[in-house]
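Colleague: Following UniProt numbering, the numbering of the sequence shown begins with 1 at its first residue and continues without gaps.
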Amino acid sequence: MDQDYERRLLRQIVIQNENTMPCVAEMRRTLTPANSPVSSPSKHGDRFIPSRAGANWSVNFHRINVRGCRRAEGETLTVQPGGRGPSFPLTLPSPLHPQENEKSPSQNRKAKDATSDNGKDGLAYSALLKNELLGAGIEKVQDPQTEDRRLQPSTPERKGLFTYSLSTKRSSPDDGNDVSPYSLSPVSNKSQKLLRSPRKPTRKISKIPFKVLDAPELQDDFYLNLVDWSSLNVLSVGLGTCVYLWSACTSQVTRLCDLSVEGDSVTSVGWSERGNLVAVGTHKGFVQIWDAAAGKKLSMLEGHTARVGALAWNADQLSSGSRDRMILQRDIRTPPLQSERRLQGHRQEVCGLKWSTDHQLLASGGNDNKLLVWNHSSLSPVQQYTEHLAAVKAIAWSPHQHGLLASGGGTADRCIRFWNTLTGQPLQCIDTGSQVCNLAWSKHANELVSTHGYSQNQILVWKYPSLTQVAKLTGHSYRVLYLAMSPDGEAIVTGAGDETLRFWNVFSKTRSTKVKWESVSVLNLFTRIR
């Protein structure tokens with residue numbers, strides 16, 4: 001055969017193969033020496049300059065639809081990248097088969113507590129990777145509980161992974177994803193903003209009490225107030241017929257008094273503001289004033305005909321509420337009959353008493369479901385709130401907002417209500433789901449803590465005015481009937497019919513920056529007075 005004819009025949013066969021198999025032609029073009037970087041030194045230099053733009057998948061690749069991608073869970077799919085090339089299997093997870101690394105609820109709880117410190121850092125790192133690899137453009141790390149949906153891994157319904165073709169989308173110079181050639185940072189502008197974004201410290205409240213004390217004979221009675229914490233860091237507890245003092249500094253326990261010789265029992269205790277005197281209400285209706293340091297009884301006040309379940313100090317004035325429906329106000333510096341004021345307004349037992357932070361108003365709650373507000377000059381209540389549907393024992397005045405009063409109802413009510421005593425108008429109400437036994441405001445933040453009885457026996461921390469629940473503490477097996485706050489406002493103690501006292505670290509001691517600035521400001525003239 002002629003060699004020229006054979007050459008022409010082979011060339012025709014090659015052309016026909018290229019027309020029928022374009023992928024082979026593409027491979028042949030790719031492997032020709034003409035396109036080799038070695039054979040074309042005019043287009044490529046000898047210096048290697050790295051480019052991060054090639055790692056931006058959203059620019060170089062785009063997702064395509066894959067027909068028949070919806071399958072039952074557990075079924076194997078065959079996916080071809082870009083519709084060409086070899087296929088590979090993809091198996092969807094089935095809810096009927098546990099994962100290999102699935103853990104028990106207790107192990108998950110321990111793992112969650114162990115990784116709570118690194119939650120924010122993990123989110124920031126995940127967002128940083130999404131910025132650099134996918135061009136997500138995330139500039140701020142969201143809170144783990146309210147994280148933005150773009151930080152969550154999403155699986156499109158009818159989307160494949162990649163096709164090997166360049167996208168026509170071009171990023172604008174101002175979108176923040178491009179890296180300036182003069183930038184000294186290895187990450188994009190959006191990632192730099194992400195790393196510079198401020199992060200709020202995570203609020204952590206321990207779910208475990210830092211101290212538990214036994215309190216034998218601590219009565220399970222909703223209408224009594226048997227625990228109080230003094231400004232000198234001494235806790236007073238009424239147990240049966242005795243009053244005990246526990247020093248938080250030295251953990252020393254002393255017995256202040258024993259009423260068994262008088263045939264009486266303790267129904268309420270209350271420290272004076274200076275922390276040197278403690279008032280003891282008894283079942284027979286007496287109020288005894290004791291000097292805590294000397295362990296000596298100074299006086300005994302009469303006037304009530306039934307048990308005294310509530311006490312409230314206002315400087316040297318002592319208010320007492322009783323089962324006889326009376327409220328007595330007396331100045332302990334003068335004879336009782338000279339300074340006594342009798343306040344009549346409740347139709348049943350008085351179980352809650354609290355003076356406002358400015359010492360001008362007295363709030364009282366009773367078993368008649370009423371919340372009354374009194375002043376110094378009138379013998380009748382100046383305000384009366386009747387919205388509660390059960391006994392009102394939990395009462396607390398806000399130290400942050402003048403005239404703001406919070407109250408809680410019993411089992412049939414279960415609500416915490418807020419009142420503006422300056423205008424007499426109700427503000428907010430939240431149903432807690434269980435009996436409200438005590439309320440106390442934080443001294444440093446606009447938060448309050450509530451203790452509950454039937455049926456959950458929990459301790460809740462609320463943020464005001466949003467009324468969002470910050471923490472839920474459990475541990476008592478009976479109603480949490482008693483609550484007191486430490487003098488620094490950082491810890492609380494709770495008591496229940498399970499005869500235990502539990503100490504919790506609930507509130508932070510740090511004040512706002514505004515208060516700190518005002519205390520050291522040169523513009524504050526009172527700091528310069530000698």
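Note that the Cβ used here is the ideal one computed from N, Cα and C, for glycine as well.
The structure presented is a predicted model; accordingly, all values stated were derived computationally and were not measured.
Are the CB atoms of residue 567 and Leu481 nearer to each other than 7 Å?
Modeller: Any answer about residue 567 is impossible in this case: the structure gives the chain only from 1 up to 530.
Colleague: As a quick exercise: from Gln383, Leu371, Ser378, Asn314, pick the residue whose alpha carbon is nearest that of Lys393.
Modeller: Nearest of Gln383, Leu371, Ser378, Asn314 to Lys393, Cα basis: Leu371.
Colleague: Are the beta-carbon atoms of residue 534 and Cys351 separated by less than 7 Å?
Modeller: Missing from the structure shown is residue 534; the chain here goes from 1 to 530 and no further.
Colleague: Please state if the CB of Ile332 and the CB of Leu343 are separated by a distance shorter than 7 Å.
Modeller: No.
Colleague: Is DSSP giving Gly122 helix, strand or coil here?
Modeller: Residue state, collapsed to three classes: helix.
Colleague: Can you tell me whether DSSP reads Glu132 as helix, strand or coil?
Modeller: Three-state DSSP puts Glu132 in a helix.
Colleague: Considering just the uninterrupted stretch of the alpha helix (DSSP H) at Leu194, what are its terminal residues?
Modeller: Element bounds for Leu194: 189–196.
Colleague: Please go through the same chain and pick out, in chain order, the residues whose beta-carbon is closer than 6 Å to the beta-carbon of Trp246, but skip the five residues on each side of it.
Modeller: Counting only Cβ-Cβ distances below 6 Å, and skipping sequence neighbours, we find Leu235, Val253.
Colleague: Could you check whether Leu239 and Leu218 sit closer than 7 Å to each other, using their CB atoms as the reference points?
Modeller: Yes, they are a contact pair.
Colleague: Hey, Leu311 and Ser268 are a contact pair by Cβ (cut 8 Å); roughly how many whole angstroms apart?
Modeller: Sure, about 5 Å apart at Cβ, within 8 Å.
Colleague: Considering only the alpha carbon of each residue, which of Trp374, Ala215, Lys284, Gly365 lies closest to residue 535?
Modeller: Coverage of the chain is limited to positions 1 through 530, which leaves residue 535 absent and any answer about it impossible.
Colleague: For the beta strand (DSSP E) containing Leu353, list its first residue and its last residue.
Modeller: Unbroken beta strand (DSSP E) run through Leu353: 350–355.
Colleague: Cα separation between Ala306 and Asp324?
Modeller: About 5 Å.
Colleague: Using 7 Å as the threshold, is the C-beta distance between Ser320 and Val287 below it?
Modeller: A contact, by the Cβ cut-off of 7 Å.
Colleague: Can you find at least 3 beta carbon pairs, one from the region 186–200 and one from the region 439–457, that sit closer than 8 Å?
Modeller: No, because fewer than three Cβ pairs between the region 186–200 and the region 439–457 fall closer than 8 Å, the two stretches do not touch.
Colleague: Around the C-beta of residue 542, are 16 or more other C-beta atoms found within 10 angstroms, so that it is buried, or is it exposed?
Modeller: For the chain, the structure presents residues 1 to 530; residue 542 sits outside this window and is missing.
Colleague: Quick check on Pro186: buried or exposed, where buried means 16 or more other Cβ atoms within 10 Å of its Cβ?
Modeller: With fewer than 16 other Cβ atoms within 10 Å, it is exposed.
Colleague: If you follow the beta strand (DSSP E) that Thr254 is in, where does it begin and where does it stop?
Modeller: Looking at the DSSP string, the run of the beta strand (DSSP E) that includes Thr254 is 253–258.
Colleague: Taking contact to mean 3 or more Cβ pairs, one atom from each stretch, closer than 8 Å, check whether the region 472–490 and the region 222–233 are in contact.
Modeller: As far as the Cβ criterion goes, the region 472–490 touches the region 222–233, which means the pair count is three or higher.
Colleague: According to DSSP, which residues form a beta bridge with Cys415?
Modeller: DSSP lists Asp431 as partners of Cys415.
Colleague: I'd like the list of long-range same chain contacts for Asn505, defined as Cβ closer than 8 Å, with 5 residues on each side in sequence excluded.
Modeller: Taken in chain order, the residues that qualify are Ile205, Ser206, Phe210, Glu490, Ala491.
Colleague: Buried or exposed: which applies to Arg330, given that a residue is buried once 16 or more other Cβ atoms fall within 10 Å of its Cβ?
Modeller: Result: buried.
Colleague: Can you tell me the Cα-Cα spacing of His444 and Phe507, whole angstroms?
Modeller: Looking at the two C-alpha atoms, the distance is approximately 8 Å.
Colleague: Report the residue from Met300, Gln401, Leu389 whose alpha carbon sits nearest the alpha carbon of Gly410.
Modeller: Nearest C-alpha to Gly410: Leu389.
Colleague: Give me, in chain order, the residues of the same chain whose beta-carbon lies closer than 7 Å to that of Pro381; leave out the 5 immediate sequence neighbours on both sides.
Modeller: Counting only Cβ-Cβ distances below 7 Å, and skipping sequence neighbours, we find Gly345, Leu372, Val373, Trp374.
Colleague: When DSSP labels each residue in this structure, what does Gln3 get in the three-state scheme?
Modeller: It is helical.
Colleague: What did DSSP end up calling Ser87 once you bin it into helix, strand or coil?
Modeller: Any answer about Ser87 is weak, because its pLDDT of 41 lies below 50 and its placement is not dependable; what the coordinates show is given next. Note: Ser87 maps to coil in three-state DSSP.
Colleague: Rounded to a whole number of angstroms, what is the C-alpha to C-alpha distance between Val266 and Ala406?
Modeller: Going from the Cα of Val266 to the Cα of Ala406 covers about 27 Å.
Colleague: Taking Leu134 as the reference, which of Pro181, Ser188, Leu184, Ser183 has the closest Cα?
Modeller: It is Ser188.
Colleague: Whole angstroms are fine: how far does the CA of Ser434 sit from the CA of Asp316?
Modeller: So the two alpha carbons sit approximately 36 Å from each other.
Colleague: Please classify Gly495: is it buried, with 16 or more other beta-carbons within 10 angstroms of its beta-carbon, or exposed?
Modeller: Answer is buried; the Cβ neighbour count reaches 16.
Colleague: Can you list, in chain order, the residues of its chain whose CB lies under 7 Å from that of Lys130, leaving out five sequence neighbours each side?
Modeller: Cβ neighbours of Lys130 beyond the five flanking positions: Ala136, Ile138.
Colleague: Grab the span of the beta strand (DSSP E) containing Gly281 for me, first residue to last.
Modeller: Segment 277–282, the beta strand (DSSP E) holding Gly281.
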